[in-house]
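In our numbering, the protein residues as written are 42 to 358. Reading through the structure tokens given below for one structure.
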């Protein structure tokens, strides 16, 4: 029985990793048919709709409105909307490998924000890790060529994500629960003005895909971005975090997901990372993994993902 449960966890981790790695694919397949601001709104809306169905089915309980937690729910929702929007925007500017590699600086921003706002002390070993990361950034050359702006946008995504994690740790959010639906819904509402400001896009358009000998509706990709890349990923993470340490999940996510995403970029769009991006990205992923492991010692339940948006022991109360 234990072995079967472990296999289920591993399978779920694989599915989560693949679903997260498809973000860039679905954003790029949408192309210019839908403005990126509106695409982000669609993604969060479809994700919220998926969570509204999946969470009650999995828990056997109806969704509970987070009374007494409305402020944090909205703030986390705003941060989710900002992080997803900026990350998706980066995908429109640079190859998938660039976006996921430069997003992987998030653990370093978590360390900086934790030291500044949570008073967490630095260790001498962190200096070596930071040196390794800086070497990786130099090799990856984010400011070189015509992709510098998109690379900076991807770097800023890591900072936003780290700000969200730091806020959740400050507020004592450690438990995965149904508040993630409400935060996702709040994020979608905050992005809804895009329908007016940027327009709904060509939602009835069909694009031809010669390799598949098919014409598919453009709206298929926003639905996949919301349901597969966002909704299922968040739902799966909320289940996994009930079975394994949050930091174990974080370590897997930091290393595996970017590699899978970059591989999909190569397979689907023939995006070939430069040698500097491969070497520098490898060092960044390795140093991010190392820093996360060092910072997690003795803090196995500390928040690492917005799915942990309930206070400890609040789920099911």
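Cβ coordinates follow ideal geometry from the N, Cα and C atoms, glycine included. Please read all numbers here as calculations on a predicted model, not as lab measurements.
query, result
"Inter-residue spacing [alpha-carbon to alpha-carbon] between residue 238 and residue 163", "44 Å"
"Residue environment, residue 430, which counts as buried when at least 16 other CB atoms sit within 10 Å", "Lying outside 42 to 358, the shown extent of the chain, residue 430 is not represented and no answer is given."
"Endpoints, the alpha helix (DSSP H) within which residue 173 is located", "165-181"
"At least three beta-carbon pairs within less than 8 Å, the region 98-115 to the region 258-268", "no"
"Spatial neighbours of residue 194 in its chain, beta-carbon cut-off 7 Å, leaving aside the 5 residues before and after", "127, 130, 131, 134"
"Range of the contiguous alpha helix (DSSP H) that encloses residue 261", "261-265"
"Same chain only: Cβ atoms within 8 Å of residue 58, ignoring 5 sequence neighbours per side", "293, 294, 297, 298, 301"
"Strand pairing of residue 256, partner residues [DSSP]", "249"
"Reduced DSSP category for residue 106 - H, G, I as helix; E, B as strand; rest coil", "coil"
"Three CB pairs or more closer than 8 Å across the region 195-202 and the region 147-159", "yes"
"Continuous alpha helix (DSSP H) stretch holding residue 236: start and end", "235-238"
"C-beta atoms of residue 223 and residue 106 nearer than 9 Å", "yes"
"Own chain residues within Cβ distance below 7 Å of residue 229, not counting five before or after", "82, 85, 86, 89"
"Whole-angstrom distance between residue 79 and residue 236, CA atom to CA atom", "6 Å"
"Secondary structure of residue 312, DSSP reduced to three states", "coil"
"Local Cβ density within 10 Å of residue 52, reported as buried at 16 or more and exposed below that", "exposed"
"Rounded distance between the beta-carbons of residue 242 and residue 76, thought under 8 Å", "6 Å"
"Element boundaries [alpha helix (DSSP H), containing residue 271]", "Element bounds for residue 271: n/a, residue is neither H nor E."
"Backbone CA spacing between residue 136 and residue 312 [nearest angstrom]", "6 Å"
"9 Å Cβ cutoff met for residue 138 and residue 303", "yes"
"Any 3 or more C-beta pairs closer than 8 Å across the region 316-323 and the region 64-76", "no"
"Inter-residue Cα distance where the pair is residue 3 and residue 103", "There is simply no residue 3 to check, as the chain begins at 42 and stops at 358 in what is shown."
"CA-to-CA distance, residue 325 to residue 178, given in whole angstroms", "7 Å"
"Span of the alpha helix (DSSP H) around residue 90", "77-100"
"Cβ-based burial, residue 159 [other Cβ within 10 Å; buried from 16]", "exposed"
"Among 55, 125, 93, nearest to residue 64 - alpha-carbon criterion", "125"
"Simplified DSSP state of residue 52, which is helix, strand or coil", "helix"
"Nearest to residue 50 (by Cα), restricted to the options 305, 208, 280, 192", "280"
"Top-ranked residue by Cα proximity to residue 183, from 172, 171, 173, 196", "196"
"Per-residue DSSP class, three states only, for residue 72", "coil"
"Residue 148, enclosing alpha helix (DSSP H) - first and last residue", "147-158"
"Rounded C-alpha distance that separates residue 251 from residue 66", "17 Å"
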